[in-house]
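Heads up, the thing below is written out as structure tokens.
Put into structure tokens, the structure is as follows:
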């Protein structure tokens with residue numbers, strides 16, 4: 540058990556049957572009345588963000604979120620298969636469990652599977668990935684003077700904005716957190 544007065548950014552806890560992560564917290568001591576902790580917390584299962592105040596002595600149960608490295612193998616009939624790198628066990632996940640996490644992940648790439656009490660609720664791709672551009676309009680001469688971009692389709696099927704000098708067949712580095720072009724690979 541941890542008290543609300545011990546909250547830190549990134550800490551996960553159980554509250555009212557849900558699992559939350561602290562995004563922001565602030566200890567407030569008003570001139571009159573008791574102190575309190577103002578927080579902004581995210582439900583790790585649904586992704587919803589809520590602002591809530593806690594009494595600093597209020598106790599909550601600490602939640603242990605497990606992150607495990609697994610390798611994405613393949614997709615078959617709507618199921619996406621991941622292999623545990625230690626035990627070689629394969630785990631199938633549905634598209635609902637993944638969301639759009641596989642937008643920048645190709646086969647044989649290592650990802651982090653995030654679970655709580657054995658229930659997988661998220662897949663975290665690597666922060667930076669190198670992917671090939673499979674479709675892109677050719678750049679028009681004279682458009683390179685300013686920061687002009689064009690859409691490009693990557694080998695995973697994702698479409699991002701890239702500079703005009705990027706062509707089909709080029710390998711590029713992508714930041715998966717924001718889905719943006721970083722540099723040529």
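Numbering (our numbering), first residue to last: 540 to 724. All C-beta atoms in this analysis are idealised placements derived from N, C-alpha and C, irrespective of residue type, glycine included.
The region 578–611 is shown to contain whole beta strand (DSSP E) runs of 3 or more residues at 588–593 and 598–601, in chain order. Closest in alpha carbon position to residue 614, among 608, 623, 645 and 585, is 645.
Residue 588 and residue 562 do touch by the CB rule: their CB atoms are close to 7 Å apart, below 8 Å. Where residue 641 is concerned, there is no enclosing beta strand (DSSP E), because DSSP gives it neither an H nor an E. Of 695, 677, 696 and 694, the smallest CA-CA separation from residue 687 is found for 677.
Short of 6 Å from the beta carbon of residue 642, and not among the five residues preceding or following it, lie these beta carbons of its own chain, in chain order: 697. Residue state for residue 724 is assigned as coil, using DSSP reduced to three classes. For residue 634, the three-state secondary structure derived from DSSP is helix. When secondary structure is reduced to three states using DSSP, residue 545 falls in the helix class.
Apart from the 5 residues on each side of it in sequence, residue 695 sits with its Cβ closer than 8 Å to the Cβ of 641, 642, 643, 644, 645 and 670 in its chain, given in chain order. Taking a C-beta distance under 8 Å as the contact criterion, residue 652 and residue 621 qualify as a contact pair. For residue 549, the closest alpha carbon among the candidates 560, 626, 541 and 556 is that of 560. Under the DSSP definition of a beta bridge, residue 652 partners with 607 and 662. In the assembly as shown, residue 704 is an exposed residue. Its beta-carbon has fewer than 16 other beta-carbons within 10 Å. For residue 690, the closest C-alpha among the options 720, 586 and 714 is that of 720. Counting the other CB atoms within 10 Å of its CB gives residue 611 a total of 16 or more, which places it among the buried residues. Of the other Cβ atoms in all chains shown, fewer than 16 fall within 10 Å of the Cβ of residue 569; this residue is therefore exposed. Taking the Cβ atoms as the reference, residue 708 lies roughly 7 Å from residue 672, within the contact range of under 8 Å.
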